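Going letter by letter, the sequence shown gives residues 936 to 1129 in my numbering. Don't be surprised by glycine CBs; every beta carbon is placed ideally from N, CA and C. Keep in mind it's a predicted model, so treat the numbers as computed, not measured. A short worksheet on the structure shown next.
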Amino acid sequence: MKKIIGILLVMALVFALGCTTTNPNTNDVNGIGGGDNMVDKNTDNGNNFNNLDNFKKVKEGDNISVNYTGKLENGEVFDTSLTPGREPLEFTVGAGQMIKGFDEAVVGMKVGDKKTVTLAPADAYGVADPSRVVKFDKNNVPDFDKMSVGMQIAAGNGAPGIILSKDENSLEVDFNHFLAGKTLIFEIELVSIK
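Put into structure tokens, the structure is as follows:
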């Protein structure tokens, strides 16, 4: 009789332990199944830790999209993705599609992160190169008479330039990027990592 009672106690203990262990194939931490403790990974709305995209950090080679606003030191906005009708900027980190400082600034960001970075000319569009300021003779410029200081023109190779000065016989054009030599401030928000 004692043997039977002992066997029954062992079976009861095994049964009780079997009902309280965690099933590794579910999110059921209490081991009892069902109820509010179950999480359907397919209907997760980003409200729990199953959505790992919320924790992923940008690294080189990632395809990302960002909203940004670029300003000069005086606060003047020179470009923004927040203009109505524009989409977030998409690019591959480290692929040379962006200026160096912007590329480096997004590394380590997570979706939803915002930051402001200040870029020296060397990390932006470089220092203005005096050799890229070219003087043209009037006879070599079609529509010379229609051109004026501040006008943007394109060279024969398509390079854009700004007319810096003009006299009766010639004009001087700067083919440096219009942001070369300037310190730039970017406000960046990471929208997605694809």
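Is it the case that the Cβ atoms of residue i and residue j are separated by a distance below 8 Å?
i: Val1046; j: Ile1123; result: no
i: Ala1115; j: Gly1061; result: yes
i: Met1044; j: Lys992; result: yes
i: Leu1119; j: Val1001; result: no
i: Glu1108; j: Val1069; result: The sequence as given places Val at residue 1108; Glu does not occur at that position. A contact, by the Cβ cut-off of 8 Å.
i: Gly996; j: Val1028; result: yes
i: Leu1007; j: Lys1117; result: yes
i: Leu1054; j: Phe990; result: no
Identify whether residue i lies in helix, strand or coil by the three-state DSSP scheme.
i: Lys976; result: With a pLDDT of only 38 at Lys976, under 50, the local geometry of the prediction cannot be trusted, and the value read off the model is given with reservation. Here Lys976 sits in helix by DSSP.
i: Asn1009; result: coil
i: Lys992; result: strand
Bridge partners for residue i per DSSP, in chain order?
i: Asn1104; result: DSSP lists no partner for Asn1104.
i: Thr1004; result: Thr1015 and Glu1122
i: Asp1109; result: Val1068 and Ile1097
Is residue i near the ligand NAP, going by C-beta to nearest heavy atom under 7 Å?
i: Pro1095; result: The ligand NAP is not among the ligands present in this structure, which contains no ligands whatsoever.
Whose C-beta lies closer than 7 Å to the C-beta of residue i among residues of the same chain, with five residues either side of it excluded?
i: Leu1073; result: As written in the sequence, residue 1073 is Lys, which differs from the Leu given in the question. Once the five neighbours on either side are set aside, the close Cβ partners of Lys1073 are Phe1079, Asn1104 and Ser1105.
i: Ala1090; result: Gly1096 and Phe1110
Leaving out five residues on either side along the sequence, give the residues of the same chain with a beta carbon under 8 Å from the beta carbon of residue i.
i: Asp1064; result: Asn1111 and Ala1115
Going along the chain, which residues of its own chain have a beta-carbon closer than 6 Å to the beta-carbon of residue i, five neighbours each way excluded?
i: Asp1058; result: Lys1035 and Gly1036
i: Asp1048; result: Leu1125
i: Leu1099; result: Glu1107 and Asp1109
Please give me, in chain order, every unbroken run of the alpha helix (DSSP H) with length at least 4 that falls completely inside the stretch 1012 to 1100. 1035 to 1041
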